[in-house]
Structure formats: C-alpha cells, structure tokens
Ligand code: C2O
Ligand code: CU
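Numbering (this note's numbering), first residue to last: 54 to 558.
The following block contains the structure:
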C-alpha cells in the first residue's frame, strides 16, 4: 500500500469508529480480537480499595504508591500481565479533603528498559514529516498526573518530569478546590497511551463539607466506576498497538469484563470515569430509568440534572445518582453503551437489584453555591485546531506535534480567556477532545448552541466531535508555570496531539 493508504486504513480506522455518529462507516483497521471472553454479567464488579496514608499530620496526609509489573485476574482463572499502582490493575483510590494537603511519593519499581520506538498502527514509521510518530521513548519511565487537580506545576506530572526505573518523586497536592471526582494516571510522553492501557490509572476522590452536608448517597453507596476498553490475545494477555482502536472490543468496568454489581433498592452515587484510550461511551439504562447528574469533572453541578442518556468522552467524569427503589427486587438493570458498534461494546455492565434497604440519602434541589463564579469578560481569545494531518501522517495541535522545547501559548496569570476549539471535519470523521491541565473551565457553546447536562458544570475535558467547534471560557488564576493541554484520546496525544502553555505574570 502507498503511504496515504496506509495512513487511511491503518491509523485512522480505529479512531474513526469511536465516533458516535459514524455507524455507516466500514470497520477499518486491525481485525477484532476476541480474547478469552466471558458471558456478560458473570463476574462481580470490584470497588478499588481506599489507600491508607503512611502518616498523618495536622495539615497533611502522606502516601507512598509503588508502580510495578504485576498480574490481574481480569478473566476468571487467567493471570493477565499488567502495570499497576501498588501492583493493582485499577490503582487504589485516594480519598482527600478540600483544604487538607496530600503528599504522595510515587516509586517507579518497573525494571530498567532500553529506549525504543513505539509500535503504532498504520503510519507508524511512514511520512517524511511524521518524525514525531517514530520518536524514541523510555518505555518504563513514569510520570504521574492528577487529572482535574489544581496542582503547582512541579507536581502536575508534566511529561518532562519523568521518574526513571528505581527512582521516586514526591508530588504535593494542596487540594485547594471544591469536592470533585479526580483521577491519577501516567503521563509519560509517547508512553502515556500504553501505560494507561496496561493499568496505570486510579481514582482520587476529593470531598468537602459543603458536599457532605448535602446528604448525597455515601459510604458503600458512593461507588467509583472506571469504564474502558481493551484488546486481548487468545492467552488473555493485553495487546496494545498505538492508535489501533478497532480490536479493543472488550469493555472493562473497574477492571472486569461487563460485570454485574449488586445494589440495594436504594439511591446510589456513581462516579463514572471514562478512562478508555479512544472510546466514547453513550450511557443509558434498561429498563429505562433516570440518571440524575449531580457532578461533572470539576465537582458538583449547581443543581441536579436528570437524564435518560449521558455521553462521556475519554478523561471526562460524571457523577450520577440512580434510585433503584423504583425497581422490584430481582430486576437486572443493564447499563448500555448506545454508541458501541459491536455487540460486545454495546453492553457495559448490569446492576442487580436486591431487597429494599433504609435510605436516608437525598438529592437536594441546590447542590453548589461556590460553583457559580462569574468569570467576567474575556481578556484574550484563542483558537485551537485539532486534526490528523493526512499528508504528513501527524496528529497535530495547531499544525504542530508536541515539542517539549517549544511553548505554544503564553498566558497572563489571572486572565480570563475564551478558547475556540475546532475539529475540522474530515473523511472518515475523527473525534477529539481537549483537556487543560491546572484549571477548570465552562463550556460556552458547541456549534453555537448551549451545552446541556453535566457539560453545564465545571469541566477540564470537553468533547469535540468531528466537524464541530466548541468554545470554552477559563480563568487562569490557580498556579503559574508550564502546563500541557492535549487531546485526551490518549493514543492521539501519545502520537503528538499535545501542546503546552506557560502561565506567568
Ligand atoms: Cu488525564 Cu494530561 O491528562
Ligand atoms: Cu484526538
């Protein structure tokens, strides 16, 4: 095949089929791998354990988290090789309090490894200008990013701040922000896609007193749910080729394939995270039931917003309250993915409703006062263009691939800005999204129309479908320093769809 065809049928194929409105498109790219497989709803969904601090002082909780190679029982009786924080396929959950500092020493206990070029779909080594795509990486260097955290630059997990095998790094999180569902994951550059895929992700749940006073479902009825997909070989081992979306047809929820989760006939709060490399989820319950959106990336919404379906692109979170008391005990409520193409990707998990239970939780009509900050008029307007350059076979942000030695935007600390984020339509259509480090923003509109549901809340990641244009408003008033912004389809960012901004006086 000629280079152009290689690009089209290899690299593009997978990414393109992730797009919701793209059902007519033939499945391109690698053949679907079946893996070992288990029938839906045959394994229980685990809830990742909450990590205990090694030490607590008046102001600070200290943790140590060790990244190592490990195995996980994803399919019954099969040991799948993974990378894990504390060796767990889904890292332990950190529970933090607003205003109380957390310090985490991340230890890299991966074996030393020689630098190499990543294995990529299609255009891997093609293209004269695709130098980035063939960039060397140190496969076992790690970087840890607290996604959604307002973190000083030196603790943010910029891809330049790598931890070599055998080394460690101390990250300080001031937690000077409202309650929110945050998460931590690897952020090496070129390696972030594979590291996330092999298991380097966990929840970081930040609470505050305002949230506590609301009386939302709590304790074992406050459940984090990490959605993703994966491809497996016949031996049940994870297979990863950067940019090759098509074979990733196994849906994993908290690390298990299409699991069931037993619930009481009561209200639950689910903190749903899309941690997939490239998959968009369109969530819906069957039998039909309301999902009440109470939180977005940046924390609680101003008021609850009921929905019958919720769209979530990679990196985004939504907090949903589901009231199972509407169902007879014995009912199986299935969580569907309306934008899945294959049978195996249309079903996410099941909630099996058990007997009734006492339920003192509630969902008040007002959730958040602090959230209604007026951002004021914009000082600066910028335009960001995200596109796959077919000519050069490059995943570009504003016509460029990521370069750590180049600063793409200079931003004055304290300024309010409007960013217009464009994903020019192309054939086949490829979805992207934009994640900004270090700040939360408000989504003004998409294609000129106001957004709805969880997207009306504070966001750090916003979906930008093929051919669409999204405007966000953001005030850069948290920390100064150098921060990345990128597409959170992490295979795209691994291939260069990333840039950096310096926030300064
Ligand atoms: Cu969740 Cu820069 O990433
Ligand atoms: Cu992208």
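The C-beta atom is built at its ideal place from N, Cα and C for all residues, glycine as well. If you're wondering where the values come from, they're calculated on a predicted model, not measured in any experiment.
Can you tell me whether residue i is buried or exposed? The criterion is at least 16 other CB atoms within 10 Å of its CB, across all chains shown.
i	result
residue 450	buried
residue 434	exposed
residue 436	exposed
residue 264	buried
residue 546	buried
residue 302	buried
residue 379	exposed
residue 81	At residue 81, the pLDDT of 36 sits below 50, so the modelled position is not reliable and the matter cannot be decided from this model.
residue 514	buried
residue 361	exposed
residue 222	buried
residue 344	buried
residue 477	exposed
residue 172	exposed
residue 358	buried
residue 541	buried
residue 393	buried
residue 463	exposed
residue 183	Here the model assigns residue 183 a pLDDT of 45, short of 50, so the residue's position is not dependable, and the following value carries that caveat. It counts as buried.
residue 559	Missing from the structure shown is residue 559; the chain here goes from 54 to 558 and no further.
residue 77	Residue placement at residue 77 is flagged as unreliable, the pLDDT there being 26, under the threshold of 50; the coordinate-derived value follows with that caveat. Classification for residue 77: exposed.
residue 194	buried
residue 457	exposed
residue 69	Residue placement at residue 69 is poorly supported in this model, since its pLDDT is 39, which falls under 50; the coordinates still yield a value, given next. Its Cβ being crowded by 16 or more others within 10 Å, residue 69 is buried.
residue 429	exposed
residue 107	exposed
residue 74	Confidence in residue 74 is poor, its pLDDT being 30 and thus under 50, which makes the residue's placement unreliable; the coordinate value appears in the next sentence. Residue 74 comes out exposed.
residue 105	exposed
residue 110	exposed
residue 348	buried
residue 95	exposed
residue 408	exposed
residue 262	exposed
residue 268	exposed
residue 198	buried
residue 467	exposed
Can you check DSSP and say which residues form a bridge with residue i?
i	result
residue 97	313
residue 338	388
residue 118	159
residue 463	555
residue 191	Per DSSP, none; premise fails for residue 191.
residue 134	124
residue 511	BP columns for residue 511 are empty, so no partner.
residue 534	556
residue 455	Answer is none; residue 455 lacks a bridge partner.
residue 409	318
residue 307	Answer is none; residue 307 lacks a bridge partner.
residue 248	None; residue 248 has no bridge partner.
residue 172	Note: residue 172 sits in no beta bridge, so no partner.
residue 113	154
residue 403	313, 387
residue 516	486
residue 442	447
residue 545	Beta-bridge pairing links residue 545 to no other residue.
residue 221	160
residue 105	Residue 105 is not bridged to any residue.
Between residue i and ligand 4, is there a pair consisting of the residue's CB and a ligand heavy atom that are separated by less than 7 Å?
i	result
residue 545	With respect to ligand 4, the structure offers nothing, as its ligand set consists of ligand 1 and ligand 2.
**Q.** Shell residues, 6 Å Cβ cut-off relative to heavy atoms of ligand 1
**A.** 198, 200, 238, 240, 368, 488, 490, 537, 539, 541
Q: Decide if the segment 129-149 is in contact with the segment 243-257; the criterion is three or more beta carbon pairs, one per stretch, under 8 Å apart.
A: yes
**Q.** Three CB pairs or more closer than 8 Å across the segment 218-238 and the segment 152-167
**A.** yes
Q: Run through the segment 250-276 for me and flag every whole alpha helix (DSSP H) of 4 or more residues, listed as ranges in chain order.
A: Segments of the alpha helix (DSSP H) lying fully in the segment 250-276: 262-267.
Q: Specify whether the segment 437-454 and the segment 472-490 touch according to this definition: at least 3 beta carbon pairs, one from each stretch, less than 8 Å apart.
A: yes
Q: Taking 8 Å as the threshold, find out whether the segment 93-112 comes into contact with the segment 307-323 through three or more Cβ pairs.
A: yes
**Q.** Stretch-stretch touch, CB-based, cutoff 8 Å, three pairs: the segment 415-424 with the segment 273-292
**A.** no
**Q.** Length at least 4, wholly inside the segment 342-399: the alpha helix (DSSP H) runs in chain order
**A.** 396-399
Q. Are at least three pairs of beta-carbons, each pair with one atom in the segment 319-326 and one in the segment 500-512, less than 8 Å apart?
A. no
Q. Would you call the segment 379-388 and the segment 282-302 in contact, with 3 or more CB pairs under 8 Å?
A. no
Q. Okay, do the segment 110-118 and the segment 150-159 touch, 3+ Cβ pairs below 8 Å being the bar?
A. yes
Q | beta strand (DSSP E) runs wholly inside the segment 469-506, at least 3 long, in chain order | A | 469-475, 485-489, 494-499
Q.
Check whether the segment 387-405 and the segment 310-318 are in contact - that is, three or more C-beta pairs closer than 8 Å.
A. Three or more Cβ pairs drawn from the segment 387-405 and the segment 310-318 lie within less than 8 Å of each other, which places the two stretches in contact.
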